[in-house]
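Colleague: Please find one structure pasted underneath; my questions will follow.
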Amino acid sequence: MYQGSRLNREFFTRDVLEVAPSLPGKLLCVSGSNSNVGRYMITEVEAYRGEEDEACHACRGRTTRNEIMYHTGGFIYMYFIYGMYWMLNIVAAEKGIPQAVLIRGIKGFNGPGKLTKHLNLDGSYYGEDICESGRIWVEDHGIKVDIAKGKRIGINYAGSYWRDIEWRYYVR
DNA sequence: TCAGTGATTAGG
DNA sequence: CTAATCACTGAG
1 MYQGSRLNRE FFTRDVLEVA PSLPGKLLCV SGSNSNVGRY MITEVEAYRG EEDEACHACR
61 GRTTRNEIMY HTGGFIYMYF IYGMYWMLNI VAAEKGIPQA VLIRGIKGFN GPGKLTKHLN
121 LDGSYYGEDI CESGRIWVED HGIKVDIAKG KRIGINYAGS YWRDIEWRYY VR
């Protein structure tokens, strides 16, 4: 079976506006408890970019929850929302710059809450290094996809500039 | 449109 | 300690 190349530190330490649009078409790989590996094509992501971004969790500075966003790119930021759902994010940029990509959809399971539930991703993945981890990583299989972009979802509390900026990228 | 559901956060 | 909030989902 063809093994794609694993995305490395160099890939994730770029600015989130470079990392996010290059993720749709890549394969999210998760090692199950039975040691089988599931591979799922990423179909939709959103970029959250620094303390100035009013929709970013780091917009009010560093907290216990968003601490990992300040690490160098490639670490996983998981958080629990609405009492039910885990959200999967991958940290981007250099150390000290809080940026992350929210994985909103994979082929067959669109919706950030649905995909984490299906893949059994929870808080135990918080801080996992997606460049080195044995249970979650991302591969490039050379799949070419047509990327579209639009406004981010569910951030109506943010000011109009941040609410309307088109930082959601998805497979057309 | 709206409720479910509980961690996180700011503020006393 | 309290109360408000929330990068969602599914039902009506």
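Read in our numbering, the first sequence has 70 at position 70, and its numbers run on one by one without any break. We put the CB at the ideal spot given by N, CA and C, even for glycine. Small disclaimer: the values here were computed from a predicted structure and weren't measured.
Which of the three DSSP states is assigned to GLU139 in this structure?
Modeller: Residue 139 sits at position 139 when you count from the first residue of the first sequence. DSSP places GLU139 in strand when its eight states are reduced to three.
Colleague: Please name the residue, chosen from ASN120, VAL138, GLY105, that lies closest to ARG6 on a Cα-to-Cα basis.
Modeller: Locating residue 6 in the first sequence gives position 6, where the first residue counts as 1. Nearest of ASN120, VAL138, GLY105 to ARG6, Cα basis: VAL138.
Colleague: For the beta strand (DSSP E) that GLU44 lies in, which residues bound it at each end?
Modeller: Taking the first sequence and counting its residues from 1, the one referred to as residue 44 is at position 44. Start and end: 37-49.
Colleague: Three Cβ pairs or more, each shorter than 8 Å: is that satisfied between the stretch 118-131 and the stretch 41-50?
Modeller: no
Colleague: Can you grab the Cα-Cα spacing for the pair ALA158 / ASN34, in whole Å?
Modeller: The residue given as residue 158 occupies position 158 in the first sequence. The residue given as residue 34 occupies position 34 in the first sequence. Answer to the nearest angstrom: the Cα atoms are 42 Å apart.
Colleague: Have a look at TYR161, LEU23, GLY111 and flag the residue whose alpha-carbon is nearest the alpha-carbon of ILE90.
Modeller: Numbered from 1 along the first sequence, position 90 holds the residue referred to as residue 90. ILE90 has its Cα closest to that of LEU23, out of TYR161, LEU23, GLY111.
Colleague: Could you give the first and the last residue of the continuous alpha helix (DSSP H) run that contains SER160?
Modeller: In the first sequence, counting from the first residue as 1, residue 160 sits at position 160. That run of the alpha helix (DSSP H) goes 160-164.
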